[in-house]
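So the structure is just underneath, and the comments pick up after that.
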Amino acid sequence: MRGRTTGLARSIACGWRRQLAVLGPALLLAFACGPQLGGGSASAIEVGDDRLRVVLDFEDPQVAEQTLAAVEAAWAAGHEAFGAPRRPSRSRTVYLHRTEAAYEEACDRFVGGRFKRNGAFSSHETGDSHVLLQPNVSDPVLTRIGLPGMTRRLVVHEVAHLAMYETFAHFRSHPDWLSEGATQWVERLVERAAGGERSPWTEAAAERVRRLLEGERLPAVESIVDDALSAYEFYERYALCEVFYAFLAEERERALESFLKRLRSVKRLPTGREGTKQIAALLWRALGDREGIDEAFRAFIARQPVRWYEVSRSLEPHGSAEWIQSAFPGSSAIAFRRDQPLQPPFRIAGRLSVLPGSTVPQGNVLLGRVDDTSYTHVALREDLHSVTVFRRRGAEWSAALAEARAPGLSGEDVAFTVEVDAERMLTVEIAGEVVLRHRLAEDEVVGQWGLGVQGASSAIWSEVVATGDPPDESR
Ligand SMILES: [Zn+2]
0 MRGRTTGLAR
10 SIACGWRRQL
20 AVLGPALLLA
30 FACGPQLGGG
40 SASAIEVGDD
50 RLRVVLDFED
60 PQVAEQTLAA
70 VEAAWAAGHE
80 AFGAPRRPSR
90 SRTVYLHRTE
100 AAYEEACDRF
110 VGGRFKRNGA
120 FSSHETGDSH
130 VLLQPNVSDP
140 VLTRIGLPGM
150 TRRLVVHEVA
160 HLAMYETFAH
170 FRSHPDWLSE
180 GATQWVERLV
190 ERAAGGERSP
200 WTEAAAERVR
210 RLLEGERLPA
220 VESIVDDALS
230 AYEFYERYAL
240 CEVFYAFLAE
250 ERERALESFL
260 KRLRSVKRLP
270 TGREGTKQIA
280 ALLWRALGDR
290 EGIDEAFRAF
300 IARQPVRWYE
310 VSRSLEPHGS
320 AEWIQSAFPG
330 SSAIAFRRDQ
340 PLQPPFRIAG
350 RLSVLPGSTV
360 PQGNVLLGRV
370 DDTSYTHVAL
380 REDLHSVTVF
390 RRRGAEWSAA
400 LAEARAPGLS
410 GEDVAFTVEV
420 DAERMLTVEI
430 AGEVVLRHRL
440 AEDEVVGQWG
450 LGVQGASSAI
460 WSEVVATGDP
470 PDESR
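Going by numbering that gives the first Met the number 0, the sequence shown opens with residue 0, and the numbers climb by one from there.
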């Protein structure tokens, strides 16, 4: 999360790696110090004004405008969240790169070749951000869906960092709970302002922290504030920063406000442990009594709603009734509904558009989750117009349990129904026609359901609704 070296080499990396075996592709952001170089990479489109600017290295006016909207929204949320000036005092630019090669070139140029796997970085030196468009969907998909939700979130996060540079002269001294917490809080504010569904990505942090609470591994608030989280893995630390800051913003609003006000008035802070200590002292002074704060934080965690859990990215809301799911190459996107475990009889219905990608166009309806890699997999494969049922158990995949032609799968916005009756008979309907019937085993049906899309492809899921009863506790 944070590299504690000295001088020019000091850097902070935050966020998520784009490719991760278990948790799936995600984002990783980075602050970086490097040689100060002017300009950016080759630009195809520039939008914005003399203060907030977006430069794309590819031709897509729609994506350019949507990125600028995200930049503006993030800056406004930074003003609201931690008192950033209404407008930057100087030009701030977000460079959006279409390909990994172009992004890596920016890493070579601005941060000495570091952060190539990160997907995004902001430079302390130039005060600008570079973001790789991800998942790297095909051009027709990009035209269809616009700026991917995952990239929008990255842009918002990076701009929040830029707004912190502008607000706090001592931003290099900030511990992770503050720099990563506040920037993720800005992501939440922007998401709320958009008024749509809560992103599974926001819920992932809540889920990770809840698992720490349930496993009795939650650190004391004091350890978070002291930045003493080395016992936790990267994703846990990041989630702790996010949820702790959200707790302050939602449940200790006045204390947080008074802390931020004092912090803005501080002109200089030492870096490293001493800076963390001084910031902790300011926060505790604002919070007052420490009594009861751990209990309040635990209660806050327990109340966080978690509907979706993404095993691998990315599933993002798109309008009020649609979800866009896009997968990185070499890794399917998978997300389970945590709050709706089912047992037969149940029914999952909705509409599906499988969008053209670089590989197999295939959406997957998942049933009977045992764990993140064990479930029943109903593959809706558009190019072969077929439905195939598999059972996955970790690395092992069964042979096809059932397979059928489904001519109705061709085309967009196809109605589908996956139903399991009380006798565990699976019926799949495509465009109103029953195409497959197959009796499943008992261990193949009970559990959470989910949605997936095959590596490097994308799908739009609309009006997906599951109906059925939760599993009987006595089973
Ligand atoms: Zn960050």
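Each residue gets a CB set at the ideal place from its N, CA and C atoms; glycine is no exception.
Predicted model only: the values in this text are computed from it and were never measured.
Selection from the options that minimises the alpha carbon distance to residue i
{"i": "HIS437", "options": "VAL377, ALA394, SER461 and PRO87", "result": "VAL377"}
{"i": "THR275", "options": "ILE292, VAL185, GLY287 and VAL224", "result": "VAL224"}
{"i": "THR182", "options": "ASP138, PHE81, VAL463 and GLU273", "result": "PHE81"}
{"i": "GLY451", "options": "SER373, SER311 and ASP288", "result": "SER311"}
{"i": "ALA334", "options": "ALA43, VAL305 and ALA295", "result": "VAL305"}
{"i": "PHE296", "options": "GLU79, SER385, GLU462 and PRO218", "result": "PRO218"}
{"i": "SER456", "options": "PHE345, SER331, GLU79 and GLY431", "result": "SER331"}
{"i": "LEU255", "options": "TYR237, ARG236 and ARG284", "result": "ARG284"}
{"i": "GLY112", "options": "ALA119, GLU104 and GLY118", "result": "GLU104"}
{"i": "THR358", "options": "ALA68, VAL62, CYS240 and ALA326", "result": "ALA326"}
{"i": "GLY362", "options": "SER385, ASN117, ALA204 and GLU206", "result": "SER385"}
{"i": "THR201", "options": "GLU232, GLU252, GLY148 and SER352", "result": "GLY148"}
{"i": "PRO316", "options": "LEU379, ILE459 and VAL444", "result": "ILE459"}
{"i": "HIS78", "options": "LEU141, LEU132, SER352 and TYR164", "result": "TYR164"}
Exposed unless 16 or more other CB atoms sit within 10 angstroms - verdict on residue i
{"i": "PRO134", "result": "buried"}
{"i": "GLY291", "result": "exposed"}
{"i": "PRO60", "result": "exposed"}
{"i": "SER264", "result": "exposed"}
{"i": "PRO269", "result": "exposed"}
{"i": "GLY475", "result": "Because the chain here runs from 0 to 474, residue 475 falls outside it and cannot be looked at."}
{"i": "ALA25", "result": "With a pLDDT of only 30 at ALA25, under 50, the local geometry of the prediction cannot be trusted, and no value is derived from it."}
{"i": "ARG151", "result": "buried"}
{"i": "SER90", "result": "exposed"}
{"i": "VAL421", "result": "Residue identity check: residue 421 is Ala in the sequence provided, not Val. Under this definition ALA421 is an exposed residue."}
{"i": "ALA162", "result": "buried"}
{"i": "THR166", "result": "buried"}
{"i": "GLY329", "result": "exposed"}
Anticipated Cβ contact below 8 Å, residue i with residue j, distance rounded
{"i": "VAL189", "j": "ALA76", "result": "5 Å"}
{"i": "VAL185", "j": "VAL130", "result": "Their Cβ separation, rounded to whole angstroms, is 15 Å, which puts VAL185 and VAL130 out of contact at 8 Å."}
{"i": "ARG368", "j": "GLY467", "result": "Incorrect: roughly 14 Å between the Cβ atoms, too far for contact."}
{"i": "ARG337", "j": "TYR308", "result": "5 Å"}
{"i": "VAL154", "j": "ALA69", "result": "5 Å"}
{"i": "LEU95", "j": "VAL136", "result": "That pair is no contact at about 14 Å."}
For residue i, the three-state DSSP class (helix, strand or coil)
{"i": "TYR244", "result": "helix"}
{"i": "ALA205", "result": "helix"}
{"i": "THR466", "result": "strand"}
{"i": "LEU7", "result": "Caution is warranted here: a pLDDT of 26 is assigned to LEU7, below 50, making its placement in the model unreliable, and the coordinate value is therefore given only provisionally. In the structure shown, LEU7 sits in a helix (DSSP, three-state: H, G or I)."}
{"i": "ALA80", "result": "helix"}
{"i": "VAL444", "result": "coil"}
{"i": "ILE459", "result": "strand"}
{"i": "GLU321", "result": "strand"}
{"i": "LEU228", "result": "coil"}
N-terminal and C-terminal residue of the alpha helix (DSSP H) that residue i is part of
{"i": "ASP420", "result": "No alpha helix (DSSP H) contains ASP420, which DSSP labels as neither H nor E."}
{"i": "VAL189", "result": "175-193"}
{"i": "ARG152", "result": "148-166"}
Delimiting residues of the beta strand (DSSP E) encompassing residue i
{"i": "GLU221", "result": "No beta strand (DSSP E) holds GLU221; the alpha helix (DSSP H) holding it covers 220-224."}
{"i": "PHE345", "result": "342-354"}
{"i": "ASP370", "result": "361-370"}
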